[in-house]
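Visitor: Going left to right, the sequence shown walks through residues 205 to 476 as the working numbering numbers them.
Please read through the structure below; I'll follow up with questions.
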Amino acid sequence: MGVLSVGLVLGGRFLLHDKGIPLREQLIEEESPQKIMTFFAHPDDEIAVGGSLLAARKAGHKIILICLTKGEAGPTGGLVERENLGEARALELGMVAEILDAEQLELFDFPDSGLSGVSLDTIKNLALDMIQKHQPDYIISYDSQVGLYGHPDHRSVSLAMEELFQEKFGNTGFPVKKLFQVTLSPKQIKIALQLAPGFQKNYPVEGPGLPFPDFAVKTTPYFFTLENMMDAHASQQEVFRNLLPYREEIPTVIYSRIFDREYFSEVKVFKN
């Protein structure tokens, strides 16, 4: 990269990332194969941790994708009729699962943008069924307070998983070692509130906000493949433009070094 590109990368990193947050090469530290299960509401939610999943898969860990809705309330991208969007997005997620070489994809048909109307116990029971079926060592969800940028589906799914983890952790037959929640650095939140309409519209102005990250995973080596995953979600390019501003205007070799990490908070267990 030239001097101008290096300056752009360094400036971008300064604006987006906090040096005090530990940076890892991998989400988990075990070298022996582990099972990592994602538990999200929508096809494309997995993109928020796509680099970390790609790194884990390359290291020999197994990936299981659980998605509760078909995303039928999202934008169509002008590519499909509204009544066919759910099935189209199911196919898109299937392509992403192939790119990830996921061991398993489980896609359910709960109402998109209606999960807040589904009882928490129903989601918890589904989560427990998936854990008992797939025996994951680690689970990734969004956070239970905000849902990354304020989506109520994200909060409902993540709260159910968090409560289940708190209740069952350490019990016989419950294999999950850690629950990681997707979050952002304080600098990223500040920039998102300036540039991203979704954050501006939905991010809560009161309350604790997103959990502070415990660590970040470096994703630069996997960014080109992550773009292939985003491209597979053809109907959702409008969403990615919102959440990843200027990606189409900045060369990937530079962009991947600015947006070069994914942030996580580890859920702590509080037992009486």
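Where is the CB? At the ideal position from N, CA and C, for every residue including glycine.
Along the chain, where does the alpha helix (DSSP H) that runs through residue 386 open and close?
Guide: By 1-based counting over the sequence shown, the position of residue 386 is 182. Element bounds for residue 386: not the alpha helix (DSSP H) but the beta strand (DSSP E), 382-387.
Visitor: Kindly indicate if chain C contains any beta-carbon less than 8 Å away from that of residue 281.
Guide: Any reference to chain C falls outside this structure, which holds one protein chain only.
Visitor: In terms of residues, what are the limits of the alpha helix (DSSP H) holding residue 442?
Guide: Mapped onto the sequence shown, residue 442 falls at position 238. Its alpha helix (DSSP H) spans residues 441-447.
Visitor: If you scan the segment 278-316 from start to end, which runs of the alpha helix (DSSP H) of 4 or more residues do you find wholly inside it?
Guide: If we require 4 residues or more, the alpha helix (DSSP H) runs fully inside the segment 278-316 come out as 289-304.
Visitor: Just reading off the beta strand (DSSP E) that residue 436 is part of, what are its end residues?
Guide: The residue you call residue 436 lines up with position 232 of the sequence shown. It is not in any beta strand (DSSP E) - residue 436 instead sits in the alpha helix (DSSP H) that spans 427-436.
Visitor: Find out if the Cβ-Cβ distance for the pair residue 299, residue 268 is shorter than 8 Å.
Guide: Residue mapping note: residue 299 aligns to position 95 of the sequence shown, counting from 1. Residue mapping note: residue 268 aligns to position 64 of the sequence shown, counting from 1. Contact flag unset, no.
Visitor: Residue 487 and residue 231: beta carbons closer than 8 Å?
Guide: Since the first residue of the chain shown is 205 and the last is 476, residue 487 is not available in this structure.
Visitor: Going by C-alpha distance, which of 310, 377, 243 and 309 is nearest residue 358?
Guide: Within the sequence shown, numbered from 1, the residue matching residue 358 stands at position 154. Nearest of 310, 377, 243 and 309 to residue 358, Cα basis: 243.
Visitor: When burial is assigned at 16 or more other CB atoms within 10 Å of the CB, is residue 408 buried or exposed?
Guide: Looking up residue 408 in the sequence shown gives position 204. When all chains shown are included, residue 408 counts as exposed.
Visitor: Can the beta-carbon of residue 335 be found less than 8 Å from the beta-carbon of residue 386?
Guide: Position 131 of the sequence shown holds residue 335. Position 182 of the sequence shown holds residue 386. Their beta carbons are not under 8 Å apart, which means residue 335 does not touch residue 386 by this criterion.
Visitor: In the DSSP output, what is residue 499 paired with across the bridge?
Guide: There is no way to answer for residue 499, as the model of the chain reaches only from 205 to 476.
Visitor: Would you call the segment 325-332 in contact with the segment 278-295, where contact means no fewer than 3 C-beta pairs closer than 8 Å?
Guide: Short answer: they don't touch.
Visitor: Determine the extent of the alpha helix (DSSP H) in which residue 403 is found, giving its start and end residues.
Guide: What you label residue 403 is simply residue 199 of the sequence shown in a count that begins at 1. Residues 401-406.
Visitor: Residue 459 by DSSP, collapsed to three states: which one?
Guide: Position 255 of the sequence shown, counted from the first residue, corresponds to residue 459. Residue 459 falls in the helix class under three-state DSSP.
Visitor: For residue 341, which residues in the same chain have their Cβ closer than 6 Å to its Cβ, ignoring the five residues on either side in sequence?
Guide: Against the sequence shown, residue 341 aligns to sequence position 137. These residues qualify, in order along the chain: 238, 239 and 381.
Visitor: Give, in chain order, every unbroken run of the beta strand (DSSP E) that is at least 3 residues long and sits entirely within the segment 321-358.
Guide: Segments of the beta strand (DSSP E) lying fully in the segment 321-358: 342-345.
Visitor: Between residue 437 and the rest of its own chain, which residues show a CB-CB distance below 6 Å, the 5 nearest in sequence each way excluded?
Guide: Along the sequence shown, read from residue 1 onward, the residue named residue 437 stands at position 233. Around residue 437: 248 and 296.
Visitor: Locate the alpha helix (DSSP H) running through residue 262, then write down its first and last residues.
Guide: As a working note, residue 262 is residue 58 in the sequence shown. It spans 254-262 - the alpha helix (DSSP H) in which residue 262 sits, taken as one unbroken run.
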